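In this note's numbering, the protein residues as written are 7 to 266. No residue lacks a Cβ here, since even glycine has one placed at the ideal position from N, Cα and C. Computed from a predicted structure; not experimentally measured.
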């Protein structure tokens, strides 16, 4: 089954759904515990002294940093070994310039805010949970780079790492935003599945030499995602995404210039 182009998308979809269901279960347990505590009158007792966060409370943050290390590994594996270093560097430079001038990160955030405003009052927390989680899970460099790997190389490492990250995020979001988060699994399947099938079609048109450089550039962006997850950097990764598409023009150009 791992030879299926859509296998990575299926794994990611199931991971989001499982994480959301687990988060909903945790939400139910917490609400029942709170009701029981109120029933026995414990909420009327004096407030306890402030204590350090429990090991369980710190688990999501620690898990995120650990997954950040895994994302770093995936990015490094994808970037190392690419011989067309000059094209990779130029693609990054030009892509960052374009992304920064267009302010893709700002546009994405404003679009998300717009959707949130429009959906308010139309489904309550269900709409909020769906929009928030779908935006988080479906937009980003890992989504695009993972689709290229699955569709062209039949490799699913990026989507495997993304699945773990999304599953942990789904647990956190579902425990606070509710059942709407579980519906984002549909968005994950549609968006990633569509991008993957486009990559399958493009794989028959774009030479392997170009796609390998595209994936190498995307892997550098994935490294940036990993450092963000670990809290080392606060890179606006969406502004880097155009860099992934510059090899389409730069590789043929360099072929025409023998000295390069």
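Notebook entry, point to check: Going by C-alpha distance, which of 241, 98, 156, 8 is nearest residue 111?
Noted result: The candidate whose alpha carbon is nearest that of residue 111 is 241.
Checklist line | Presumed contact (8 Å Cβ cut-off) between residue 221 and residue 151, rounded CB distance | finding: About 7 Å; that satisfies the 8 Å criterion.
Check: Quick one: Cα of residue 129 to Cα of residue 182, how far?
Finding: For residue 129, the pLDDT reaches just 49, beneath the cut-off of 50, and the residue's location in the model is therefore unreliable, leaving the point undetermined.
Checklist line | Cutoff 6 Å; reference residue 252; Cβ partners in own chain excluding five residues on either side | finding: Excluding positions up to five away in sequence, the list reads 97, 100, 101.
Notebook entry, point to check: Which two residues bound the contiguous alpha helix (DSSP H) that contains residue 234?
Noted result: Its alpha helix (DSSP H) spans residues 214-235.
Margin query: Cutting at 7 Å between CB atoms, please list the residues of its own chain near residue 80, excluding the five before and the five after it.
Written below: Exclusion of the five residues before and after residue 80 leaves 163, 164, 167, 228 as the residues of its chain whose Cβ lies within less than 7 Å of its Cβ.
Notebook entry, point to check: Which residue comes first and which comes last in the alpha helix (DSSP H) that contains residue 5?
Noted result: What the structure shows of the chain is the stretch from 7 to 266, and residue 5 is not part of that stretch, so it cannot be assessed.
Item checked: Pairwise C-alpha distance: residue 31 and residue 1 -> The chain is shown only over 7 to 266; residue 1 falls outside these bounds and no answer can be derived.
Notebook entry, point to check: From residue 28 to residue 184, what distance separates their C-alpha atoms?
Noted result: Their Cα atoms are separated by approximately 11 Å.
Next item on the list: Have a look at 23, 10, 235 and flag the residue whose alpha-carbon is nearest the alpha-carbon of residue 192.
Entry: The option with the nearest alpha carbon to residue 192 is 23.
Check: When the Cα of residue 246 is compared with those of 148, 259, 139, 26, which residue comes out closest?
Finding: Ranking the options by Cα distance to residue 246, first place goes to 148.
Note to self: According to DSSP, simplified to helix, strand and coil, what is residue 248?
What the structure shows: Helix, per DSSP.
Next item on the list: Please find out if some non-hydrogen atom of the ligand MG comes closer than 7 Å to the beta-carbon of residue 84.
Entry: Of ligands this structure carries none, so the ligand MG is not represented either.
Next item on the list: Could you spell out where the alpha helix (DSSP H) holding residue 198 opens and where it closes?
Entry: Segment 186-209, the alpha helix (DSSP H) holding residue 198.
Next item on the list: Look at the alpha carbon of residue 213 and the alpha carbon of residue 232, and state the distance between them as a whole number of angstroms.
Entry: Using only the alpha carbons, I get a separation of about 29 Å.
Note to self: Only counting the same chain, and skipping five residues up and downstream in sequence, which positions put a Cβ closer than 8 Å to that of residue 73?
What the structure shows: Result list for residue 73: 167, 170, 171, 174, 235, in chain order.
Next item on the list: Given a cut-off of 8 Å, decide if residue 139 and residue 187 are closer than it, judged by their beta-carbon atoms.
Entry: A contact, by the Cβ cut-off of 8 Å.
Checklist line | C-alpha distance - residue 155 paired with residue 77, whole-angstrom precision | finding: Straight-line measurement puts the Cα of residue 77 at about 15 Å from the Cα of residue 155.
Next item on the list: Evaluate residue 237 with the Cβ neighbour count: other Cβ atoms within 10 Å of its Cβ, from every protein chain shown; 16 or more gives buried, anything less gives exposed.
Entry: Per the 10 Å Cβ criterion, exposed.
Next item on the list: Please look up how many angstroms separate the CB atoms of residue 209 and residue 200, rounded, as I've assumed it's under 8 Å.
Entry: Contact flag wrong, Cβ pair sits at about 15 Å.
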